[in-house]
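Participant: All you need for this note's numbering is the position in the sequence shown, starting with 1, plus 3.
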Amino acid sequence: MKKRLLLLSLLSLFLACEDKIEGIQSIPVIQIAEAFDNPSPINLSELVSDVEYVQLETNSSTLYRFPHICGLIGDSLILLKASKRISLFNRRTGGYVKDLGHAGDDPEGYRMSARNLGVNTFTNSVYASRNQEKLIGYPLDGRSALDFVNLPTIINQTDDMMSAGFLSAYSYLDSTHFLGYISNMSGSEKNRILIFDRSGDVKKSFPNHLTFENNPNRIQFSITYFQTYNNEVMFKETYNDTIFHISLESMESAYVMSFQSYGIPYEEQETVVGNDLKERMRLTGILESDKFVCFEIDFQGVSYSGLFEKASGETRIAKNKELSHGYVNDLDGFVAFKPSYISRNGELISTIPAERIAEWFETHQDKISSLPPHIQKLQNVQPEDNPIIMIGKLK
Numbered sequence: 004m005k006k007r008l009l010l011l012s013l014l015s016l017f018l019a020c021e022d023k024i025e026g027i028q029s030i031p032v033i034q035i036a037e038a039f040d041n042p043s044p045i046n047l048s049e050l051v052s053d054v055e056y057v058q059l060e061t062n063s064s065t066l067y068r069f070p071h072i073c074g075l076i077g078d079s080l081i082l083l084k085a086s087k088r089i090s091l092f093n094r095r096t097g098g099y100v101k102d103l104g105h106a107g108d109d110p111e112g113y114r115m116s117a118r119n120l121g122v123n124t125f126t127n128s129v130y131a132s133r134n135q136e137k138l139i140g141y142p143l144d145g146r147s148a149l150d151f152v153n154l155p156t157i158i159n160q161t162d163d164m165m166s167a168g169f170l171s172a173y174s175y176l177d178s179t180h181f182l183g184y185i186s187n188m189s190g191s192e193k194n195r196i197l198i199f200d201r202s203g204d205v206k207k208s209f210p211n212h213l214t215f216e217n218n219p220n221r222i223q224f225s226i227t228y229f230q231t232y233n234n235e236v237m238f239k240e241t242y243n244d245t246i247f248h249i250s251l252e253s254m255e256s257a258y259v260m261s262f263q264s265y266g267i268p269y270e271e272q273e274t275v276v277g278n279d280l281k282e283r284m285r286l287t288g289i290l291e292s293d294k295f296v297c298f299e300i301d302f303q304g305v306s307y308s309g310l311f312e313k314a315s316g317e318t319r320i321a322k323n324k325e326l327s328h329g330y331v332n333d334l335d336g337f338v339a340f341k342p343s344y345i346s347r348n349g350e351l352i353s354t355i356p357a358e359r360i361a362e363w364f365e366t367h368q369d370k371i372s373s374l375p376p377h378i379q380k381l382q383n384v385q386p387e388d389n390p391i392i393m394i395g396k397l398k
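Printed below as a string of structure tokens:
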């Protein structure tokens, strides 16, 4: 009888372990290396049904340098951020509307715009980094009170400030809960993600189990990708191949990106240098929609756009230096489309530098007459102008 019970217990344990292994294996794999070695073209029409173009107003007071689109507000406004500026533009006309807040040390100023923070649709405010202790929220209506959010205090186990962890990126979960990523500067940081309220009280933390040997002669900052998706936050950090979905209750593995020999393992991030580093890939962008995961990689100084289709599990990369600017625009035959943002309304956005627009017209004189009239009007774009915004409705 005892032997039978023991056998049943072992069988139950085996099945439980098998279920866990099966669960791990069931995580979709985005086959970066395989797709790179077996390239195939990607057409914009596979993702969106049509494209609209918005020419942002350019004058001496509205000129932006290295701007980042981080929000579409309804069907009327575009949110644009640079490191020291936050502005709204009219989506229909491209006209400048107003700035939100200002950079400065005064009580209503911010230190950095926090480019990764778009519109918090729960509070209808746009947040920036006031200092190391606070975020500051500027209401879209310009009338409501400013919203100050206290940041949690990070307790470091080292006196070396160069190795001390700190909150380096943020996102929103709802109107009262914020999310912060702790940079692993020491190589042995115990926490990865903190969920905190506007008082700075930590409500939940997700640990970091990965380590690397710290190189005191090398300083680097991890690039973190956050995107609000289906009431969760999609999260990807440099050198970790797993993409996570974060909610108030959990942090779950959603996808694994397989770079194989092209990648840099987490534990080797400060030891891969020189020529060896040039032969490795870097993820430079990632976005998720209901049907796709759009991503961008850099290899040997060339940018490549890729696509993972959720339904089929297929990964594709257009390995063509001439197409390094994004997906082939087969909808209207104009410039390639490089995704930079997905709105909550299911719109895919690309920010096109004005110099690329001007260059296209200069080098494609024979194709101008076949373009739709609204695109031909863009011939007046000057290389130093504000970017052109392409907006496509996702299928």
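Just so it is clear, CB atoms sit at the ideal spot from N, CA and C, and this is done for glycine as well. Fair warning: this is a prediction, and the values are worked out from it, not measured in the lab.
Pull up the distance between the alpha-carbon of S292 and that of G107, whole angstroms please.
Facilitator: Translated into the one-based positions of the sequence shown, residue 292 becomes position 289. Translated into the one-based positions of the sequence shown, residue 107 becomes position 104. So the alpha carbons of these two residues sit roughly 36 Å apart.
Participant: When DSSP labels each residue in this structure, what does A117 get in the three-state scheme?
Facilitator: Residue mapping note: residue 117 aligns to position 114 of the sequence shown, counting from 1. Coil.
Participant: Check this for me: beta carbons of M260 and I35, under 7 Å apart or not?
Facilitator: Numbered from 1 along the sequence shown, position 257 holds the residue referred to as residue 260. Numbered from 1 along the sequence shown, position 32 holds the residue referred to as residue 35. Cβ atoms of M260 and I35: closer than 7 Å.
Participant: Going by Cα to Cα distance, which pick from A85, E49, Q379, F311 is closest to V32?
Facilitator: The residue given as residue 32 occupies position 29 in the sequence shown. When only C-alpha atoms are compared, the closest one is F311.
Participant: Helix, strand or coil for N278, going by three-state DSSP, please let me know.
Facilitator: Position 275 of the sequence shown, counted from the start, is the residue given in the question as residue 278. DSSP places N278 in helix when its eight states are reduced to three.
Participant: Three or more C-beta pairs closer than 8 Å, one from the stretch 315-323 and one from the stretch 352-362: is that the case here?
Facilitator: Too few Cβ pairs lie closer than 8 Å, so no.
Participant: Does DSSP put S48 in a helix, in a strand, or in coil?
Facilitator: Walking along the sequence shown from the start, residue 48 turns up at place 45. The answer is helix: DSSP assigns S48 an H, G or I state.
Participant: Taking the straight line between their C-alpha atoms, what separation do you get for V152 and P110?
Facilitator: For the purposes of this step, residue 152 is identified with residue 149 of the sequence shown, where counting begins at 1. For the purposes of this step, residue 110 is identified with residue 107 of the sequence shown, where counting begins at 1. Near 14 Å, if we compare the C-alpha coordinates of P110 and V152.
Participant: Under DSSP, the alpha helix (DSSP H) around A36 begins and ends at which residues?
Facilitator: Locating residue 36 in the sequence shown gives position 33, counting from the first residue. That run of the alpha helix (DSSP H) goes 35-40.
Participant: May I ask you to report which of helix, strand or coil DSSP gives R319?
Facilitator: Numbered from its first residue, the sequence shown carries residue 319 at position 316. Strand.
Participant: Using CA coordinates, which residue listed in L149, C297, T241 is at the minimum distance from N187?
Facilitator: Here residue 187 corresponds to residue number 184 of the sequence shown, with the count starting at 1. Selected option, being the one with the closest Cα: T241.
Participant: Given a cut-off of 7 Å on the beta-carbon distance, is the pair V51 and L351 in contact?
Facilitator: Against the sequence shown, residue 51 aligns to sequence position 48. Against the sequence shown, residue 351 aligns to sequence position 348. Yes. Within cutoff.
Participant: Could you check where the alpha helix (DSSP H) with R359 kicks off and where it finishes?
Facilitator: Sequence index remark: in the sequence shown, residue 359 carries index 356 (1-based). That run of the alpha helix (DSSP H) goes 357-366.
Participant: Would you call the stretch 339-354 and the stretch 64-81 touching, i.e. three or more CB-CB distances under 8 Å?
Facilitator: Yes, since at least three Cβ pairs between the stretch 339-354 and the stretch 64-81 fall closer than 8 Å, the two stretches touch.
Participant: Name the DSSP bridge partner or partners of L286?
Facilitator: In the sequence shown, counting from the first residue as 1, residue 286 sits at position 283. In the DSSP output, where bridge partners are listed per residue, L286 has I300.
Participant: Could you pull the start and end residues of the alpha helix (DSSP H) that H71 belongs to?
Facilitator: Indexing the sequence shown from 1 puts residue 71 at position 68. Note, H71: premise wrong, no alpha helix (DSSP H); beta strand (DSSP E) at 71-76.
Participant: Kindly list the residues whose CB is nearer than 6 Å to the CB of F302, restricted to its own chain and excluding five residues on each side of it in sequence; keep chain order.
Facilitator: Translated into the one-based positions of the sequence shown, residue 302 becomes position 299. Counting only Cβ-Cβ distances below 6 Å, and skipping sequence neighbours, we find M284.
Participant: Write down the C-beta distance between F209 and M254 rounded to the nearest angstrom, noting that I regard them as a contact closer than 8 Å.
Facilitator: Here residue 209 refers to the residue found at position 206 of the sequence shown. Here residue 254 refers to the residue found at position 251 of the sequence shown. Going by Cβ atoms, the distance from F209 to M254 rounds to 4 Å, so yes, they are a contact pair.
Participant: Considering only their Cβ atoms, is the gap separating S90 from T80 smaller than 7 Å?
Facilitator: What you label residue 80 is simply residue 77 of the sequence shown in a count that begins at 1. What you label residue 90 is simply residue 87 of the sequence shown in a count that begins at 1. According to the sequence as given, residue 80 is Leu; it is not Thr. Going by C-beta atoms, L80 is not nearer than 7 Å to S90.
Participant: Taking all protein chains shown into account, decide if M393 is buried (16 or more other Cβ within 10 angstroms of its Cβ) or exposed.
Facilitator: Here the question's residue 393 lines up with position 390 in the sequence shown. Under this definition M393 is a buried residue.
Participant: Give me, in chain order, the residues of the same chain whose beta-carbon lies closer than 8 Å to that of E21; leave out the 5 immediate sequence neighbours on both sides.
Facilitator: Here residue 21 refers to the residue found at position 18 of the sequence shown. Annotation note: pLDDT 39 at E21 (below 50); position unreliable, no value reported.
Participant: Per DSSP, Y130 is paired with what?
Facilitator: As a working note, residue 130 is residue 127 in the sequence shown. For Y130, which the question treats as bridged, DSSP gives the partners G140.
Participant: Could you work out which residue in Q263, K370, A131 is closest to K87 when comparing CA atoms only?
Facilitator: Within the sequence shown, residue 87 is the residue found at index 84, counting from 1. For K87, the nearest C-alpha among the options comes from A131.
Participant: Between which two residues does the alpha helix (DSSP H) holding H180 run?
Facilitator: To locate residue 180, count along the sequence shown from 1; it is residue 177. From DSSP, H180 is part of no alpha helix (DSSP H) but of the beta strand (DSSP E) over 180-185.
Participant: What are the partner residues of M254, as DSSP defines its beta bridges?
Facilitator: Indexing the sequence shown from 1 puts residue 254 at position 251. I249.
Participant: Just the C-alpha distance for L149 and L138, rounded to the nearest angstrom, thanks.
Facilitator: Position 146 of the sequence shown, counted from the first residue, corresponds to residue 149. Position 135 of the sequence shown, counted from the first residue, corresponds to residue 138. Cα to Cα, L149 sits roughly 10 Å from L138.
Participant: Between V100, V54, N46, which has its C-alpha nearest E60's C-alpha?
Facilitator: The sequence position of residue 60 within the sequence shown is 57, counting from 1. Selected option, being the one with the closest Cα: V100.
Participant: Classify N343 as helix, strand or coil using the three-state DSSP reduction.
Facilitator: For the purposes of this step, residue 343 is taken as residue 340 along the sequence shown, with counting starting at 1. Looking at the sequence provided, one finds Ser at residue 343 rather than Asn. Three-state result, S343: strand.
Participant: Since Y99 sits in a beta bridge, which residues does DSSP pair it with?
Facilitator: As a first step, residue 99 must be located in the sequence shown, where it is residue number 96. Looking at the DSSP assignment, Y99 forms a beta bridge with F92.
Participant: In chain order, what residues of the same chain have a beta carbon less than 6 Å from the beta carbon of N127, not counting five sequence neighbours either side?
Facilitator: If you number the sequence shown from 1, residue 127 lands on position 124. Contacts found: L143.
Participant: Out of Y228, S191, P219, state which residue places its alpha-carbon closest to the alpha-carbon of Y184.
Facilitator: By one-based count along the sequence shown, residue 184 stands at place 181. Comparing Cα-Cα distances from Y184 to each of Y228, S191, P219, the minimum goes to Y228.
Participant: Using a Cβ-Cβ cut-off of 6 Å (strictly less than) and excluding sequence neighbours within five positions of Q272, which residues of its own chain qualify?
Facilitator: Residue numbering aside, residue 272 sits at position 269 when the sequence shown is read from its first letter. So the list reads F215, Y242, once near-sequence residues are dropped.
Participant: Spatial neighbours of I267 within its chain, please: C-beta separation below 7 Å, excluding the five flanking residues on both sides.
Facilitator: The count along the sequence shown starts at 1 and reaches residue 267 at position 264. Correct list, in chain order: Y242, V275, R283.
Participant: If you run the structure through DSSP and keep just helix, strand and coil, what is I392?
Facilitator: Stepping through the sequence shown from its first residue, residue 392 is reached at position 389. Here I392 sits in strand by DSSP.
Participant: Threshold first: 3 residues or longer. Then list the beta strand (DSSP E) segments lying entirely within the stretch 197-222, N to C.
Facilitator: Whole beta strand (DSSP E) segments, 3+ residues: 205-210.
Participant: State the DSSP-derived secondary structure class of S3, mapped to helix, strand or coil.
Facilitator: Outside the shown range of the chain, which is 4 to 398, sits residue 3, and nothing can be said about it.
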